[in-house]
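A short worksheet on the structure shown next.
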Amino acid sequence: MSMPFGYVSPEQQMRDKADYARKGIARGRSVVVLQYEDGILFVAPNPSRALHKISEIYDKIGFAAVGRYNEFEALRLGGIRYADINGYTYARDDVTARGLANLYAQNLGQIFTESLKPFEVEIVVAEVGDTADEDHIYRLTFDGSVFDEAGLVAMGGHADAVAGRLKERYRDGLPLAEALDAALFALTEPGGERPPAGQLEVAVLDRNRPHRKFLRLNGARLERLLAESATPAPAPETPETGAAETGAPEVPPTAPEGDIDTGSGG
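full-length UniProt numbering applies: residue 1 is where the sequence shown begins, and numbers increase by one.
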């Protein structure tokens, strides 16, 4: 039996949809999300003051996205409705990033499978816990796949290159200014200039804040953080350089009684 004219196999349809979505997402600017010492940091180049790539979903849950604004905005609003209904019906603590990630995975998977055109979006749902070990960062792709990310994630634009640069600077427990420096290093092309405060969208989920953990960083506070992140840390002074600069002889310090390290105790 011959195939009808114009027939395309289901496998080819899925591949074409995936390629279409990837190309649309890659056209946008990258967004990075990473843990820092007090929570989770979101950074995105974004000159628009009206259209946000980074938003609050619920008390301790944030949302970041790349791709088509109208599509990820629809997902964001759906997530807020889900969170509000579940928080009101049950308890606020029952609203989790994992539950939202499952909801988004179902929606994106259904759209990708059943619609002619897939959503051209990639999103992150992040939740800050009482400790760093209780933080969660979930990345969701256009086809509903969910990835539980450890510590950091980059998406959109040249995501692989951005993630590579981010890993060069990232370590556990970074202070906020250093985490912002790492994010901007990752988002800036080699040899390029870092975007000014007015071209950035920056927010945190701060575990030390009461109730609502989400906070946008802008204006004077962001300017101060950018100035801090641009200031190189002073090199630690070694005993040799300290003695050479002052001309003082090197005298080993005398340990007080009871504080001598005998090398025992492992």
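Built from N, CA and C at the ideal position, the CB exists for glycine as well.
In this text, all values refer to a predicted model and were calculated from it rather than measured experimentally.
Taking Ala18 as the centre and dropping the five residues before and after it, the same chain places the C-beta of Asp143 closer than 7 angstroms to its C-beta, in chain order. For Gly99, the enclosing alpha helix (DSSP H) has its first and last residue at 97-114. Residue environment: Leu77 is assigned as exposed (fewer than 16 neighbouring CB atoms within 10 Å of its CB, all protein chains considered). Three or more beta-carbon pairs drawn from the segment 119-127 and the segment 141-155 are found closer than 8 angstroms, and the two stretches are therefore classed as touching.
Cβ contact annotation for Ala186 (same chain, cutoff 6 angstroms, sequence separation greater than five): Val32, Val162, Arg165, Leu166, in chain order.
Unbroken alpha helix (DSSP H) runs of no fewer than 4 residues, entirely contained in the segment 25-89, are found at 69-89, following chain order. Remark: C-beta atoms of Ala64 and Gly157 do not approach each other more closely than 8 angstroms.
Beta-bridge pairing by DSSP links Val204 to Leu41, Leu215. Judged by DSSP secondary structure, Glu149 falls outside any alpha helix (DSSP H) and instead within the beta strand (DSSP E) spanning 146-149.
Look at Tyr138 here: in three-state DSSP terms it is strand. A check of alpha carbon separations from Tyr82 across Glu73, Tyr69, Gln13, Tyr58 identifies Tyr58 as the nearest. Contact between Glu37 and Pro175 holds, since their C-beta atoms are separated by about 6 angstroms, short of 8 angstroms. Counting C-beta pairs with one atom in each stretch, the segment 87-94 and the segment 125-139 have fewer than three that are closer than 8 angstroms, which means they do not touch. Rounded to the nearest angstrom, the gap between the Cα atoms of Val153 and Arg212 is 23 angstroms. For Leu180, the uninterrupted alpha helix (DSSP H) segment begins and ends at 176-187. Between Val43 and Leu200, the beta carbon gap of about 7 angstroms places them in contact (Cβ cut-off 8 angstroms).
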